Amino acid sequence: MDEKKRVGEKAADFVEDGMVVGLGTGSTVYYTIMKLGQRVKEGLNIQGIPTSVQTEELAKKAGIPLANFKDIEQIDVAIDGADEVDTNLDLIKGGGGALLREKIIAKAAKKFIVVATPFKMVEKLGAFRLPVEVVPFGAELTEKHIRELGNDPILRLFEGKPYKTDNGNYIFDCDISHTLHTKELEEKLNMFPGVVENGLFINMSDIVISLDQEKNVVLIDRNHK
Ligand SMILES: O=C(CO)[C@H](O)[C@H](O)COP(=O)(O)O
39 MDEKKRVGEK AADFVEDGMV VGLGTGSTVY YTIMKLGQRV KEGLNIQGIP
89 TSVQTEELAK KAGIPLANFK DIEQIDVAID GADEVDTNLD LIKGGGGALL
139 REKIIAKAAK KFIVVATPFK MVEKLGAFRL PVEVVPFGAE LTEKHIRELG
189 NDPILRLFEG KPYKTDNGNY IFDCDISHTL HTKELEEKLN MFPGVVENGL
239 FINMSDIVIS LDQEKNVVLI DRNHK
């Protein structure tokens, strides 16, 4: 818990007055949101763009003013957690089911910062199953296509029924442990009409905040690796 708090809170240092901030989803970025809420109470002037209904509620409770897409010109920084981060700073996301909105916002942001405890840092992506968001219509057909790619899709369930994302879609959690070319897989999966998006975030993160072996907070910058 303390590790998540330390990396999560550090990300708030990147937020400056006047910024529009993409607010990610999950238990690590929770601490970023709480810290930003505290800074807002102290006078920081920002607007948040939440990546999920859960984060929207959290940000409101924390007192962070929220923006509408139609009223903003740009997203200055997006901050989010990850399920896995590899040595290229590529990610698997979507463990919390928010991958579509997270990807829309991360892609639009001028800077994308990831908060990840050491447990999330891996040599190669794929021990965590890749979430793939699929429209319910014809989901069985889409599942078949994903299976034919060799990714063993498993329908995510919640209380015995298909889990529904904030967008009303299903999630298939897929085995990509054998995959060497993640960028290719990201594109291939999205070519099936029933697939809305998948949780591979390739070449997207600018900075990853984690802890080193001595448990000091470290910033890993894509441009200074
Ligand atoms: O992608 C996500 C939600 O869709 C989260 O960022 C990811 O699951 C990490 O969450 P946590 O910080 O709780 O481990």
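Numbered according to the numbering used here, the sequence shown terminates at residue 263, and the numbering increases by one at each position without gaps. Even for Gly, the Cβ is constructed at its ideal location relative to N, Cα and C. Bear in mind the structure is a predicted one, so any value in this text is a computation, not a measurement.
Host alpha helix (DSSP H) of aspartate 40 (start-end): Within the sequence shown, residue 40 is the residue found at index 2, counting from 1. Taken as a continuous stretch (DSSP letters only), the alpha helix (DSSP H) holding aspartate 40 covers 40 to 49.
Valine 234 and glutamate 171 closer than 7 Å at C-beta: By one-based count along the sequence shown, residue 234 stands at place 196. By one-based count along the sequence shown, residue 171 stands at place 133. Yes, they are a contact pair.
Beta carbon nearer than 5 Å to a non-hydrogen atom of ligand 1: Chain-ordered list of matching residues: Thr63, Gly64, Ser65, Thr66, Gly119, Asp121, Lys131, Gly132, Gly133, Gly134 and Ala136.
Alanine 147 beta carbon less than 7 Å from that of glycine 301: Lying before the first or after the last residue shown, residue 301 is absent from the chain, which here runs from 39 to 263.
Alpha helix (DSSP H) runs contained entirely in the region 117 to 184, provided each spans 4 or more residues: Listed in chain order, they are 137 to 146.
Inter-residue spacing [alpha-carbon to alpha-carbon] between serine 215 and alanine 165: Along the sequence shown, one-based indexing puts residue 215 at 177. Along the sequence shown, one-based indexing puts residue 165 at 127. Inter-residue distance for serine 215 and alanine 165 is about 6 Å (C-alpha atoms, whole angstroms).
Among Lys226, Leu193, Phe210 and Val152, the one whose alpha carbon lies nearest that of valine 256: Taking the first residue of the sequence shown as 1, we reach residue 256 at position 218. The residue from Lys226, Leu193, Phe210 and Val152 with its alpha-carbon nearest to that of valine 256 is Val152.
DSSP three-state assignment for glycine 60, whether helix, strand or coil: Looking up residue 60 in the sequence shown gives position 22. In the structure shown, the three-state DSSP call for glycine 60 is strand.
Proximity to isoleucine 113 [Cα-Cα], best of Ile87, Leu249 and Val91: Taking the first residue of the sequence shown as 1, we reach residue 113 at position 75. Minimum Cα distance to isoleucine 113 is reached at Ile87.
Short Cβ contact (7 Å threshold) for glycine 132 with proline 169: Here residue 132 refers to the residue found at position 94 when the sequence shown is read from its first residue. Here residue 169 refers to the residue found at position 131 when the sequence shown is read from its first residue. Pairing glycine 132 with proline 169 gives a Cβ-Cβ distance under 7 Å.
Sub-7 Å separation of glycine 134 and glycine 64 beta-carbons: Position 96 of the sequence shown, counting from 1, holds the residue named residue 134. Position 26 of the sequence shown, counting from 1, holds the residue named residue 64. Less than 7 Å divides the Cβ of glycine 134 from the Cβ of glycine 64.
Residue range of the unbroken alpha helix (DSSP H) whose run includes glycine 86: Counting from one through the sequence shown, the residue named residue 86 turns up at place 48. Unbroken run through glycine 86 is the beta strand (DSSP E), 85 to 88; no alpha helix (DSSP H).
Pairwise C-alpha distance: glycine 81 and leucine 227: As a first step, residue 227 must be located in the sequence shown, where it is residue number 189. As a first step, residue 81 must be located in the sequence shown, where it is residue number 43. Approximately 44 Å between the Cα atoms of the pair.
Cβ distance (whole Å) where glycine 101 is taken to contact glycine 75 below 8 Å: Here residue 101 refers to the residue found at position 63 when the sequence shown is read from its first residue. Here residue 75 refers to the residue found at position 37 when the sequence shown is read from its first residue. A Cβ-Cβ distance of about 5 Å is found for the pair glycine 101 and glycine 75, placing them in contact under the 8 Å criterion.
Three-way DSSP call (helix, strand, coil) for leucine 223 in this model: Position 185 of the sequence shown, counted from the first residue, corresponds to residue 223. Under the three-state reduction of DSSP, leucine 223 is assigned to helix.
Three CB pairs or more closer than 8 Å across the region 109 to 129 and the region 242 to 250: Yes, the region 109 to 129 is in contact with the region 242 to 250.
Cβ-heavy atom distance, glycine 132 to ligand 2, below 6 Å: Ligands present in the displayed structure are limited to ligand 1, and ligand 2 is not among them.
Leucine 96 to isoleucine 258 span [Cα, whole Å]: Counted from its first residue, the sequence shown places residue 96 at position 58. Counted from its first residue, the sequence shown places residue 258 at position 220. Looking at the two C-alpha atoms, the distance is approximately 27 Å.
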